[in-house]
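Participant: Here the protein sequences line up with chains G and A, keeping their order.
According to my numbering, numbering within the first sequence proceeds without interruption in unit steps and concludes at 156.
According to my numbering, numbering within the second sequence proceeds without interruption in unit steps and concludes at 1398.
Heads up, the beta-carbon is just placed ideally off N, CA and C, and yes, glycines get one too.
As the structure is a prediction and not an experimental result, all values here were calculated from the model.
Starting off with a structure, shown below.
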Amino acid sequence: NAGVTQTPKFRVLKTGQSMTLLCAQDMNHEYMYWYRQDPGMGLRLIHYSVGEGTTAKGEVPDGYNVSRLKKQNFLLGLESAAPSQTSVYFCASSYATSGVTNEQFFGPGTRLTVL
Amino acid sequence: AQTVTQSQPEMSVQEAETVTLSCTYDTSENNYYLFWYKQPPSRQMILVIRQEAYKQQNATENRFSVNFQKAAKSFSLKISDSQLGDTAMYFCAFTINTGTASKLTFGTGTRLQVTL
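Next comes the structure, spelled out in structure tokens:
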């Protein structure tokens, strides 16, 4: 199993450009998450999904949109990139089964720079 | 809102020694989970250990153990027999058990350097 994969690994954008980050998981997890990590801070939740076709806002959702058209994929979109969105983005997934202690499995991250 | 505080930005330990990383959290909830994640230079987030709040017994995973003090809202990580491969950022994280998606709240991390 590949686990959680993210595409691309690195990207440089100019202010105002758009892009989509792809997250894929092969563990049949119901829940998926997008986080951002900034220097000196822990990871912060952007958006999450509890199932195919459903998404919800996290702690820092502004400037981002997400979609979960297939259970295994969770897309994070930036419609008009801003320098404040320069960050490392992590995708994660987890089971929904009760009794499982909510462990999240993380992807390797995408380093995004907005000039 | 839940908060997680890691008051030690950086720590250093010699190989084979023991080190303890501190974490405190704030919540009014009673049913929650606590985690320690390791982030080596590769950037990959790796789960080190987890603790269910309803369990009084401290979790242990090989060289890693926690000291969970629920009343004090403290969750420290002890690494015994430190190894060079333990060099990494360590994040304490918290989530409420809501029966749905576990939205993690992270601390700001402790950078651990293991030296010869």
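Is the Cβ of A:Ser-1358 closer than 8 Å to any Cβ of chain G?
Facilitator: At a cut-off of 8 Å between C-beta atoms, A:Ser-1358 does not count as an interface residue with respect to chain G.
Participant: Can you tell me whether A:Ser-1356 is helix, strand or coil according to DSSP?
Facilitator: strand
Participant: Under 8 Å, CB to CB, which of the residues in the segment 1343–1375 of chain A have a partner in chain G?
Facilitator: Contacts with chain G (Cβ-Cβ distance below 8 Å) from the segment 1343–1375 of chain A involve Phe-1373 and Ala-1375, listed in chain order.
Participant: Tell me where the beta strand (DSSP E) around A:Tyr-1372 begins and ends.
Facilitator: 1370–1378
Participant: Are the segment 1356–1366 of chain A and the segment 63–74 of chain G touching by the rule of at least three beta carbon pairs closer than 8 Å?
Facilitator: With a cut-off of 8 Å, the segment 63–74 of chain G and the segment 1356–1366 of chain A do not count as touching, because too few Cβ pairs lie within range.
Participant: I need the boundaries of the beta strand (DSSP E) containing G:Asn-114, first residue and last residue.
Facilitator: 114–119
Participant: Please check the pair A:Thr-1392 and A:Met-1293, which I expect to be a contact at CB under 8 Å, by giving their CB distance rounded to whole angstroms.
Facilitator: 6 Å
Participant: According to DSSP, simplified to helix, strand and coil, what is G:Gln-196?
Facilitator: Residue 196 of chain G lies beyond the range of chain G shown here (42 to 156); nothing can be said about it.
Participant: Does the distance from the CB of A:Phe-1350 to the CB of A:Ile-1331 come in under 8 Å?
Facilitator: Contact: no.
Participant: So which of A:Ser-1324, A:Val-1286 and A:Thr-1306 has the shortest CA-CA distance to A:Asp-1368?
Facilitator: Ranking A:Ser-1324, A:Val-1286 and A:Thr-1306 by CA distance to the CA of A:Asp-1368 puts A:Ser-1324 first.
Participant: I want to see whether chain C comes within less than 8 Å of G:Val-101, judged by CB atoms only; does it?
Facilitator: Here the protein chains are G and A, and chain C is not one of them.
Participant: Which residue's Cα is closest to the Cα of A:Gln-1321: G:Val-129, G:Tyr-136 and G:Val-155?
Facilitator: Cα-wise, what sits closest to A:Gln-1321 is G:Val-129.
Participant: Along the chain, where does the beta strand (DSSP E) containing G:Arg-109 start, and where does it finish?
Facilitator: Membership of G:Arg-109 in any beta strand (DSSP E) is not indicated, and neither H nor E is assigned to it by DSSP.
Participant: From the DSSP secondary-structure annotation, give me the bridge partner or partners of A:Ser-1294.
Facilitator: The beta-bridge partner set that DSSP reports for A:Ser-1294 consists of A:Gln-1395.
Participant: What's the gap between the Cα of A:Val-1301 and the Cα of A:Leu-1329?
Facilitator: 18 Å
Participant: Have a look at the DSSP bridge pairing and note the partners of A:Leu-1316.
Facilitator: DSSP, once it has assigned bridges, lists A:Gln-1333 and A:Phe-1376 as partnering A:Leu-1316.
Participant: Anyone know if the C-beta pair for G:Leu-153 and G:Leu-84 falls short of 8 Å?
Facilitator: no
Participant: Three or more C-beta pairs under 8 Å: does that hold for the segment 96–107 of chain G against the segment 116–132 of chain G?
Facilitator: yes
Participant: Mind listing which residues of the segment 1317–1341 of chain A have their C-beta closer than 7 Å to chain G's C-betas, in chain order?
Facilitator: Those residues of the segment 1317–1341 of chain A that come within reach of chain G (Cβ to Cβ, closer than 7 Å) are Arg-1325, Gln-1326, Met-1327, Leu-1329, Arg-1332 and Glu-1334.
Participant: Please work out which residues of its chain come closer than 8 Å, Cβ to Cβ, to A:Thr-1382, disregarding the five sequence neighbours upstream and downstream, and give them in chain order.
Facilitator: Contacts found: none.
Participant: Give me, in chain order, the residues of the same chain whose beta-carbon lies closer than 7 Å to that of A:Lys-1385; leave out the 5 immediate sequence neighbours on both sides.
Facilitator: Thr-1377
Participant: Does DSSP put A:Leu-1366 in a helix, a strand or coil?
Facilitator: helix
Participant: Report, in whole angstroms, the separation of the C-beta atoms of A:Leu-1316 and A:Phe-1357, which I expect to be a contact under 8 Å.
Facilitator: 5 Å
Participant: Verify the CB distance criterion: does A:Thr-1382 have a CB-CB separation below 8 Å to chain G?
Facilitator: yes
Participant: Under three-state DSSP, which class holds A:Thr-1309?
Facilitator: coil
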